[in-house]
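Everything on this sheet refers to the single structure shown next.
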Amino acid sequence: MAIHADYPGLTVEIYVDGKPLEEYKNPEEEDVPKTTTRHVECRSGAEFGIHTNFKAPFTPMNMSIRAYLDGMDVSRRAVHKHEMLRTTYYQRNTSWKDGTTMLASKFLFSDLSVGM
Numbered sequence: 004m005a006i007h008a009d010y011p012g013l014t015v016e017i018y019v020d021g022k023p024l025e026e027y028k029n030p031e032e033e034d035v036p037k038t039t040t041r042h043v044e045c046r047s048g049a050e051f052g053i054h055t056n057f058k059a060p061f062t063p064m065n066m067s068i069r070a071y072l073d074g075m076d077v078s079r080r081a082v083h084k085h086e087m088l089r090t091t092y093y094q095r096n097t098s099w100k101d102g103t104t105m106l107a108s109k110f111l112f113s114d115l116s117v118g119m
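For what it's worth, our numbering labels the leading residue of the sequence shown as 4, then goes sequentially.
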């Protein structure tokens, strides 16, 4: 559960098959201000979702949650102050417009190929 000391009450988890994935911190990575970095073990081809929760003592405010995968902005969710502390925000896909047609693609882990 990615948590940052500057944002108490905010949690972000990656879910597969209805369960949060175990997270790992790389002790060799340098800390970046206002950032929490965690790694998860992916399962090739598995669908995943990003679950974001705000609980007290987080101060409610209107905001937007943005998800970046492989450095690309793939999902945005509006968060409204009046419902922030009562709602879990799920991001499971990316969508785009192709002409007049809306398209969507689920978040999937790529196939992992390990060579020796």
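Built from N, CA and C at the ideal position, the CB exists for glycine as well.
Owing to the predicted nature of the structure, the values given are computational and were not obtained by experimental measurement.
Outcome for residue i when other beta-carbon atoms lying within 10 angstroms are tallied against a minimum of 16
i, result
"I53", "buried"
For residue i, the nearest candidate out of the options (CA to CA)
i, options, result
"F117", "V82, M64 and C45", "According to the sequence displayed, residue 117 carries Val and not Phe. Ranking the options by Cα distance to V117, first place goes to C45."
"S43", "L13, N65 and M4", "In the sequence on display, residue 43 carries Val and not Ser. Measuring from the Cα of V43, the nearest candidate turns out to be M4."
"I17", "H85, Q94, H7 and R79", "Q94"
"N29", "V19, V35, T40 and P36", "T40"
"S98", "Y92, S78 and Y71", "S78"
"K58", "E25, A49, Y92 and Y27", "Y92"
"E14", "E50, V35, E33 and T90", "Rather than Glu, the amino acid found at residue 14 in this sequence is Thr. Of the candidates E50, V35, E33 and T90, the one whose C-alpha sits nearest the C-alpha of T14 is T90."
Inter-residue spacing [alpha-carbon to alpha-carbon] between residue i and residue j
i, j, result
"M75", "F112", "15 Å"
"L55", "K22", "Looking at the sequence shown, residue 55 is not Leu but Thr. Whole-angstrom Cα-Cα distance: 14 Å."
Start-to-end residues for the beta strand (DSSP E) that takes in residue i
i, result
"L106", "T104 to K109"
Cross-strand partners of residue i (DSSP beta bridge)
i, result
"M66", "V82"
"G52", "Y18"
"D76", "Y71"
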